[in-house]
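Quick note on numbering: the sequence shown equals residues 3 to 206 in my numbering.
Here's the structure, in structure tokens; my notes come after.
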Amino acid sequence: MLKFEEISSVAASLPEINIDTDAIIPKQFLKTIERKGLGKHLFFEKRFKRNNEKNEKFVLNKDPWKKAKIIVAGDNFGCGSSREHAPWALLDFGIRCVISTSFADIFYNNSIKNGLFPLVLKKDEVLSLDEIANKKQLITVNLKEKKVHSGNNSYFFEVEDSVRERLLHGYDDIELTLKHIKSIKNYENNEFKNKPWKLLKNEN
Numbered sequence: 003m004l005k006f007e008e009i010s011s012v013a014a015s016l017p018e019i020n021i022d023t024d025a026i027i028p029k030q031f032l033k034t035i036e037r038k039g040l041g042k043h044l045f046f047e048k049r050f051k052r053n054n055e056k057n058e059k060f061v062l063n064k065d066p067w068k069k070a071k072i073i074v075a076g077d078n079f080g081c082g083s084s085r086e087h088a089p090w091a092l093l094d095f096g097i098r099c100v101i102s103t104s105f106a107d108i109f110y111n112n113s114i115k116n117g118l119f120p121l122v123l124k125k126d127e128v129l130s131l132d133e134i135a136n137k138k139q140l141i142t143v144n145l146k147e148k149k150v151h152s153g154n155n156s157y158f159f160e161v162e163d164s165v166r167e168r169l170l171h172g173y174d175d176i177e178l179t180l181k182h183i184k185s186i187k188n189y190e191n192n193e194f195k196n197k198p199w200k201l202l203k204n205e206n
């Protein structure tokens with residue numbers, strides 16, 4: 003999984019509230035379990051017209067935002083049905099961080115597991131960053147320092163230690179488990195010793 007330490011980028015403004023996973027990646031593109039190649043379908047119904055021509059008015063089709071690594075979004079981003087393809091599509095497009103006041107729980111967790119940082123800030127801070135995004139100014143997200151800044155504007159944020167560690171080191175579920183393998187084996191050995199009927203001892 004990609005590490006997330008610090009990124010600096012222009013940010014695309016998507017202030018609409020309740021942007022759901024079907025808008026992020028429509029259902030017709032969910033037939034694959036491949037993570038690569040989904041970026042071209044990101045926000046498909048917004049980025050393209052019915053004849054499949056690009057909608058030049060949509061922010062992610064415009065310079066410089068077509069290369070944005072950050073999205074400043076409206077409230078409750080990623081709501082709707084559970085689909086891991088949503089963070090996959092965002093990442094494949096090049097997005098590493100989405101900033102909002104709130105995220106749907108499942109989208110939030112899926113994002114973290116895939117290296118996409120769903121950053122929660124206060125309403126006034128998000129509105130300020132949205133203005134900065136529209137001015138094409140760079141925004142820097144520093145996870146080590148837990149700070150977002152652009153020019154003279156700086157905002158500190160809170161993030162769970164477990165989430166921060168996972169993103170900073172790029173740990174996936176397996177790597178997180180292996181970090182605790184010694185404790186797991188000690189637990190199994192103690193369980194086998196004290197309750198042999200519960201576990202078969204792993205000799206490996």
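For each residue, glycine too, the CB sits at the ideal point set by N, CA and C.
Judging by CA-CA distance, which residue of the options is the nearest neighbour of residue i?
i, options, result
"Asp-77", "Ala-135, Phe-6, Lys-124", "Lys-124"
"Val-61", "Lys-71, Glu-55, Arg-49", "Arg-49"
"Leu-178", "Leu-118, Ile-114, Lys-148, Asp-22", "Ile-114"
"Cys-81", "Glu-7, Asn-112, Glu-47", "Asn-112"
"Glu-47", "Glu-36, Asn-63, Arg-37", "Asn-63"
"Phe-109", "His-87, Phe-194, Phe-6", "His-87"
"Phe-6", "Asn-155, Asp-174, Gly-153, Ala-25", "Asp-174"
"Thr-142", "Glu-193, Asp-94, Ile-72", "Ile-72"
"Arg-98", "Leu-118, Ile-176, Phe-79", "Leu-118"
"Asp-132", "Tyr-189, Ser-15, Asn-191", "Ser-15"
"Pro-66", "Arg-85, Lys-181, Ala-135, Ile-27", "Ala-135"
"Ala-1", "Val-100, Ile-26, Ser-84", "Any answer about residue 1 is impossible in this case: the structure gives the chain only from 3 up to 206."
"Gly-96", "Asn-196, Ile-9, Lys-197", "Ile-9"
Would you decide whether residue i is buried or exposed? Buried here means 16 or more other CB atoms lie within 10 Å of its CB.
i, result
"Phe-158", "exposed"
"Arg-168", "buried"
"Pro-120", "buried"
"Pro-89", "buried"
"Ile-183", "exposed"
"Asp-163", "exposed"
"Leu-93", "buried"
"Ser-11", "buried"
"Ile-26", "buried"
"Thr-34", "exposed"
Looking at the structure shown, is residue i part of a helix, part of a strand, or coil, going by DSSP?
i, result
"Ala-106", "coil"
"Phe-79", "strand"
"Ala-70", "coil"
"Leu-145", "coil"
"Phe-119", "strand"
"Ser-152", "strand"
"Glu-86", "coil"
"Ile-114", "helix"
"Glu-8", "strand"
"Ile-97", "coil"
Any contact between the segment 37-57 and the segment 121-139? By contact I mean 3 or more CB pairs, one from each, below 8 angstroms. no
Residue ranges of each beta strand (DSSP E) within the segment 154-202, 3 or longer: 155-158
Would you check if the segment 93-104 and the segment 50-58 touch, i.e. whether three or more CB-CB distances between them fall below 8 angstroms? no
Please go through the segment 10-76 and give each complete alpha helix (DSSP H) segment of 4 or more residues, from N-terminal end onward. 23-26, 46-49
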